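The sequence shown maps to residues 44 to 694 in my numbering.
Here a beta-carbon is modelled for each residue, glycine too, at the ideal position from N, C-alpha and C.
Here the structure is a predicted model, which is why all the values come from computation and not from measurement.
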Amino acid sequence: MTNKSPIPASAAAARWRRPGCLLLLTLAALLALWLGWTGWQVYGYARRLQASVGSLQALAAPNALDTIQPADLLALQPQIAALDDDIQGLARTVRPFMFITPALGWLPRVGPEATQARPLLDLATHTSAAGRLAFDSLMPVLSAWQDKQAPGSLTERIIPVLAAAAPQFEQVAARLQQAAAARSQINTTGFSTRPQGLLDRFDAALPLLQTLVRGATLAPALLGADAPRSYLLVAQNNDELRATGGFISGIGILHLDKGQISADLQDAYSVDNWAIPHPDAPAPLARFMQADVLALRDANWSPDFPTSARVIQGLYQLNKNVAADGVIAFDLNFVQALVGALEPLNMPGYQRPLTGGNVITAMRTIWAQPLDSEASVTPTSGGGSDWWKHRKDFMGDLMRATLDKAQGGDIRPGSLLFAIKEALDRRHLLISVNDPSVQALLDQSGWNGALQPGSGDFLALVDSNLGWNKVNGRVEQTLTYTVTLPANGPAQAELVVQYHHPSTTALTSCIHEARYGNTYEDMMDRCYFNYVRLLTPEGAVLRTADGLESGTLGTAPGERGTTEMHGYFVMLPGSTHTVRFVYDLPQQVFQQGGYTLRIQKQPGTRAWPLQVTVRLPADGPWQATPTDAQVQAGLVTWQTTLAQDRSLVVN
Numbered sequence: 044m045t046n047k048s049p050i051p052a053s054a055a056a057a058r059w060r061r062p063g064c065l066l067l068l069t070l071a072a073l074l075a076l077w078l079g080w081t082g083w084q085v086y087g088y089a090r091r092l093q094a095s096v097g098s099l100q101a102l103a104a105p106n107a108l109d110t111i112q113p114a115d116l117l118a119l120q121p122q123i124a125a126l127d128d129d130i131q132g133l134a135r136t137v138r139p140f141m142f143i144t145p146a147l148g149w150l151p152r153v154g155p156e157a158t159q160a161r162p163l164l165d166l167a168t169h170t171s172a173a174g175r176l177a178f179d180s181l182m183p184v185l186s187a188w189q190d191k192q193a194p195g196s197l198t199e200r201i202i203p204v205l206a207a208a209a210p211q212f213e214q215v216a217a218r219l220q221q222a223a224a225a226r227s228q229i230n231t232t233g234f235s236t237r238p239q240g241l242l243d244r245f246d247a248a249l250p251l252l253q254t255l256v257r258g259a260t261l262a263p264a265l266l267g268a269d270a271p272r273s274y275l276l277v278a279q280n281n282d283e284l285r286a287t288g289g290f291i292s293g294i295g296i297l298h299l300d301k302g303q304i305s306a307d308l309q310d311a312y313s314v315d316n317w318a319i320p321h322p323d324a325p326a327p328l329a330r331f332m333q334a335d336v337l338a339l340r341d342a343n344w345s346p347d348f349p350t351s352a353r354v355i356q357g358l359y360q361l362n363k364n365v366a367a368d369g370v371i372a373f374d375l376n377f378v379q380a381l382v383g384a385l386e387p388l389n390m391p392g393y394q395r396p397l398t399g400g401n402v403i404t405a406m407r408t409i410w411a412q413p414l415d416s417e418a419s420v421t422p423t424s425g426g427g428s429d430w431w432k433h434r435k436d437f438m439g440d441l442m443r444a445t446l447d448k449a450q451g452g453d454i455r456p457g458s459l460l461f462a463i464k465e466a467l468d469r470r471h472l473l474i475s476v477n478d479p480s481v482q483a484l485l486d487q488s489g490w491n492g493a494l495q496p497g498s499g500d501f502l503a504l505v506d507s508n509l510g511w512n513k514v515n516g517r518v519e520q521t522l523t524y525t526v527t528l529p530a531n532g533p534a535q536a537e538l539v540v541q542y543h544h545p546s547t548t549a550l551t552s553c554i555h556e557a558r559y560g561n562t563y564e565d566m567m568d569r570c571y572f573n574y575v576r577l578l579t580p581e582g583a584v585l586r587t588a589d590g591l592e593s594g595t596l597g598t599a600p601g602e603r604g605t606t607e608m609h610g611y612f613v614m615l616p617g618s619t620h621t622v623r624f625v626y627d628l629p630q631q632v633f634q635q636g637g638y639t640l641r642i643q644k645q646p647g648t649r650a651w652p653l654q655v656t657v658r659l660p661a662d663g664p665w666q667a668t669p670t671d672a673q674v675q676a677g678l679v680t681w682q683t684t685l686a687q688d689r690s691l692v693v694n
């Protein structure tokens with residue numbers, strides 16, 4: 044047997060090294076090719092995304108969505124789909140590299156953004172998917188809108204299609220919720236101006252998108268897609284302010300059945316059947332307006348709209364023996380916005396087309412001289428006079444004209460939707476329905492006018508004009524709220540409300556009487572007889588109050604778990620009047636180093652100036668939301684307007 048010499052170790056190593064090197068080189072080459080191909084894909088996606096975003100930027104132009112038409116949206120669908128394809132493709136391509144991004148903070152210029160790549164990518168994918176789903180769901184609706192040759196009115200064409208799309212809109216809502224969750228994970232510390240600006244735009248747009256999706260989900264049930272609905276329409280005149288928006292001037296029934304719409308609106312005075320016993324009036328109405336029983340025109344005394352809505356429904360059924368499925372209340376601000384969205388609005392018998400700019404003037408003018416009346420208003424007009432019978436005809440004429448135009452489809456849908464949404468957000472339009480599932484969605488959106496005190500500090504000022512006049516069309520006010528949060532002991536709050544009546548009418552005394560004048564404006568230039576209610580957190584204790592008549596100041600348990608402080612004052616035209624409340628807050632408003640404040644806007648009011656000052660128990664560090672609140676030296680100062688409900692959080 045021949046003995047073979049052993050192979051030297053160095054030779055054996057060399058034998059294995061050559062294939063190993065070849066393998067490594069091959070893997071390196073493949074990795075380089077893969078990285079190159081990945082980079083090329085990323086570059087391609089980035090270029091297409093840039094082009095897609097650029098083409099869609101026209102939607103962000105001022106008033107672009109106000110004038111957009113269904114045909115414009117239909118044309119956008121392919122671009123939205125391509126945008127989503129590119130974002131999802133980019134996400135699939137770069138996700139294998141996401142594990143390394145948290146360690147890339149050292150990169151110059153883009154380090155902070157690189158560390159947040161994963162949640163930024165999640166935000167992009169969920170948002171684009173939501174947009175695509177929304178457009179896909181809207182396509183049948185937009186097509187039905189466009190098809191004017193199809194039988195039926197606009198609502199008859201689109202409501203069944205919108206109802207069929209409800210499951211898809213629920214998916215859109217889920218995607219938006221995922222996008223919001225991803226956004227909450229992004230730490231923007233150190234972000235440069237451009238990405239921070241994009242995120243700010245997303246933050247501003249998200250509530251609107253969520254609202255529109257909720258609206259699309261709500262609309263079919265509200266509009267009678269599954270069964271006929273009848274709602275009470277309540278016209279509230281906020282020139283004569285009441286708790287939920289204004290004196291009830293008109294009331295009627297809105298009938299909805301699978302898109303078919305009919306409505307009537309009549310003088311609220313004509314509803315009450317005084318042969319039927321009525322409930323007692325609330326104590327302040329009995330004391331200050333000598334009201335023995337509750338008339339339907341005063342039925343919105345509760346500042347909690349669902350509560351007032353139940354009272355309105357009950358009184359209407361008592362007087363008319365007609366039951367309704369809910370209540371829709373609106374004020375003059377909504378009328379102005381609605382006409383502005385539909386303008387020009389032509390009405391038979393009216394010489395000029397109505398616009399958002401002239402409709403309120405026209406309403407006041409025609410109130411004094413109705414088209415179908417030969418008599419004009421006089422200080423003693425009323426009862427069975429010809430003027431009295433026709434003074435509110437304009438309400439019904441305007442409602443029929445708006446319905447006819449909307450049903451015909453010759454409208455700007457963006458303008459109409461945004462007018463309705465803004466009115467809901469600012470409490471110029473309130474909806475309360477008996478259907479629990481629809482009501483739950485309204486509750487979530489804050490569109491039902493309910494008091495929502497929450498668990499922290501709460502503030503809701505409720506003014507009620509008890510003077511038989513329209514002075515709230517003139518009166519202005521500002522609110523200043525100061526809270527002192529001590530290290531020990533109860534927090535103390537002070538609310539100062541300054542009322543200013545700018546009328547130049549010279550009066551030396553205030554006569555509390557029910558009378559008309561020669562013009563609508565005459566009723567705006569009278570004294571302000573105001574019953575004030577301040578709703579605070581449950582357990583608040585009143586210490587002192589100024590600016591209220593002797594014997595009228597009091598406290599009581601408020602609605603929805605609040606404490607109510609109330610009183611009454613009278614002010615002359617051309618004067619300024621200040622009301623001040625000082626009270627202790629319950630301990631729960633400042634717990635675990637955090638303070639939250641919710642300020643609820645009274646329906647029917649304008650966007651009054653509001654200043655909030657929070658004195659903190661130590662110098663800090665403290666953070667406040669919203670970010671425009673200034674924090675320094677143990678003091679938070681926030682200047683804003685009460686255009687809609689506001690919230691402040693200090694941590």
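A direct Cα-Cα distance of roughly 7 Å separates ILE304 from LEU297. Beta bridge pairing from DSSP links LEU361 with no other residue. Burial is judged here by how many other beta carbons sit within 10 angstroms of a residue's own beta carbon; GLU156 has at least 16 and is buried.
GLN535: member of the beta strand (DSSP E) spanning 535-543, first to last residue. Under the DSSP assignment, MET614 falls in the beta strand (DSSP E) whose first and last residues are 605-614. The stretch 673-689 makes contact with the stretch 645-663, as at least three CB pairs between them are under 8 Å. Of all alpha-carbon atoms in MET332, LEU550, VAL657 and THR158, the one lying nearest the alpha-carbon of PHE140 is that of THR158. If you look at ASP374, you'll find it isn't in any beta strand (DSSP E); DSSP assigns it neither H nor E.
In terms of CA proximity to ASP300, PRO203 leads the group ALA173, ALA493, LYS513 and PRO203. In the DSSP assignment, ALA588 falls within the beta strand (DSSP E) that extends over 584-589. Counting only unbroken stretches of 4 or more residues, the alpha helix (DSSP H) elements lying wholly within the stretch 131-217 are 154-158, 160-189 and 197-207, in sequence order.
In its chain, beyond the 5 residues on either side, LEU494, PRO496, PHE501, ALA503, LEU578, THR579, PRO580 and GLU581 have a beta carbon closer than 8 Å to the beta carbon of THR605.
Residue pairing by DSSP places VAL256 opposite no residue, since no beta bridge is assigned to it. Annotated three-state conformation of GLN379 is helix, per DSSP. Residues LEU261, ALA264 and LEU265 of the same chain have their beta carbon placed closer than 7 Å to that of VAL481, with the five preceding and five following residues left out of the count. Taken atom to atom, the span from the alpha-carbon of GLY560 to that of HIS321 is near 30 Å. Excluding residues up to 5 positions away in sequence, PRO660 lie with their Cβ nearer than 6 Å to the Cβ of PRO529 in the same chain. The beta-carbon distance between VAL184 and LEU197, rounded to whole angstroms, is 11 Å. This is too long to meet the 8 Å contact definition.
Under the three-state reduction of DSSP output, PRO113 falls in the helix class.
By a beta-carbon distance limit of 8 Å, THR621 contacts GLN541. Their separation comes to about 5 Å.
Counting along the chain, the unbroken beta strand (DSSP E) around TRP681 starts and ends at 678-685.
When the Cα atoms are used, GLN120 and SER458 turn out to be separated by approximately 20 Å.
The stretch 237-255 and the stretch 278-289 do not touch, with fewer than 3 CB-CB distances between them shorter than 8 Å.
Residue nearest to PHE633 within the set VAL674, ASN694 and PRO600 is ASN694 (criterion: CA-CA distance). The Cβ atoms of SER171 and LEU126 lie closer than 7 Å to each other. Within the same chain, Cβ atoms closer than 6 Å to the Cβ of LEU164 are found at ALA134, the five residues on either side in sequence being excluded.
Runs of the alpha helix (DSSP H) lying entirely within the stretch 509-577 and spanning at least 4 residues, in chain order: 563-567. In this structure, the alpha-carbon of LEU509 lies about 40 Å from that of GLY637. As the crow flies, the alpha-carbon of THR527 is around 16 Å from that of GLN673.
For the set LEU116, ILE201 and TYR574, the Cα lying nearest the Cα of PRO346 is the one of TYR574.
Beyond the five residues adjoining it in sequence on each side, VAL382 comes within less than 6 Å, by CB distance, of LEU388, LEU397, GLY399 and VAL402 in the same chain, given in chain order. Following the DSSP letters along the chain, one finds LEU446 inside the alpha helix (DSSP H) bounded by residues 436-451. Inclusion of TYR274 and GLY369 in the CB contact set at 7 Å is warranted, their separation being smaller than that value.
Boundaries of the beta strand (DSSP E) around THR656: 651-658.
Per DSSP, the continuous beta strand (DSSP E) segment holding HIS298 begins and ends at 290-300. Residue state for ALA342 is assigned as coil, using DSSP reduced to three classes.
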